[in-house]
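The structure appears below as structure tokens.
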Amino acid sequence: MVLKPNHLSLEIPLFINEYKLFIESCCDFIKDVPEISSDFRKSAKFKLVIMELLTNAMKHSKTTSFIHVIKEKQQLVIKKIDYGKRFYFKDAITNKDYDFPINDFRSIEKIKASLGNNYELHLLVKSNCKVEFLKEEEVVYESVFDIPEHFGLKIIRQCSDSFHYHFDEAQNQNIFEVIFEI
Numbered sequence: 001m002v003l004k005p006n007h008l009s010l011e012i013p014l015f016i017n018e019y020k021l022f023i024e025s026c027c028d029f030i031k032d033v034p035e036i037s038s039d040f041r042k043s044a045k046f047k048l049v050i051m052e053l054l055t056n057a058m059k060h061s062k063t064t065s066f067i068h069v070i071k072e073k074q075q076l077v078i079k080k081i082d083y084g085k086r087f088y089f090k091d092a093i094t095n096k097d098y099d100f101p102i103n104d105f106r107s108i109e110k111i112k113a114s115l116g117n118n119y120e121l122h123l124l125v126k127s128n129c130k131v132e133f134l135k136e137e138e139v140v141y142e143s144v145f146d147i148p149e150h151f152g153l154k155i156i157r158q159c160s161d162s163f164h165y166h167f168d169e170a171q172n173q174n175i176f177e178v179i180f181e182i
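If you're matching positions, the sequence shown starts at 1 in full-length UniProt numbering and goes up one per residue.
Have a look at this one:
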């Protein structure tokens, strides 16, 4: 753990029995952000985002991952950074596969992305290395067995003010960035 003023950096634990302490460390760090810590709904959303990023790291990155929590003047920023498999998706309309960096990027484009298991999510492709997850309509599932594989992305987006994926070509890093306005 690296703790600096306004910046917490933690390596995501490999074992689930260490997650409780990890989550508590993140929640302790935001205690002096009253816009979030004093509001039960906002603090619950923060905690849920941390839990979903942990789950994402455990299930998908297959490598060492880090969480950075950064307090800025008007925002609380959470970044999950790893060097694992890049985020990819398929355009549900054209059936085109997207991987990062996107070779033929021309302009900002809204895409209905297919992420497998009949799961679709709206994305705004902002550059050859960055997408923004767009807020979705509320979805009701009949059963827990109907919840798709990448549902955590939707949870993170619903809890936050903005949510992006950025592939840093120079560092070969995947960066999931979650922003809470304060």
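The beta-carbon is built from N, C-alpha and C at its ideal position, and this holds for glycine as well.
* Sort H68, L115, H164, K79 by Cα distance to D91 and report the nearest one. => L115
* Leaving out five residues before and five after Y19 in sequence, what residues of the same chain have Cβ atoms less than 7 Å from its Cβ? -> P13, L54
* May I ask you to list the residues that DSSP assigns as paired with D82? => S65, N174
* I70 in three-state terms, based on DSSP -> strand
* Length of the line joining the Cα atoms of S37 and V69 -> 14 Å
* Inter-residue Cα distance where the pair is I30 and I102 -> 35 Å
* Asked: Assuming E132 contacts K154 under a Cβ cut-off of 8 Å, what Cβ separation, rounded to an integer in Å, is found between them?
  -> About 14 Å separates the two Cβ atoms, so there is no contact after all.
* Cβ pair count under 8 Å reaching 3, the stretch 104-112 against the stretch 67-87 -> no
* Excluding the five sequence neighbours on either side, which residues of its own chain have a C-beta within less than 7 Å of the C-beta of E169, listed in chain order? -> P101, C129
* Asked: Does DSSP put A57 in a helix, a strand or coil?
  -> helix
* Asked: Should R41 go down as buried or exposed, given a rule of 16 or more other Cβ atoms within 10 Å for buried?
  -> exposed
* Asked: Which residue comes first and which comes last in the beta strand (DSSP E) that contains E109?
  -> 109-114
* To do: Would you mind reading off the limits of the alpha helix (DSSP H) that contains E24?
  => 19-29
* Could you have a look at S43 and say whether DSSP puts it in helix, strand or coil? => helix
* Cutoff 6 Å; reference V8; Cβ partners in own chain excluding five residues on either side -> Inspection of the sequence shows that residue 8 is occupied by Leu rather than by Val. The residues are F29, V69.
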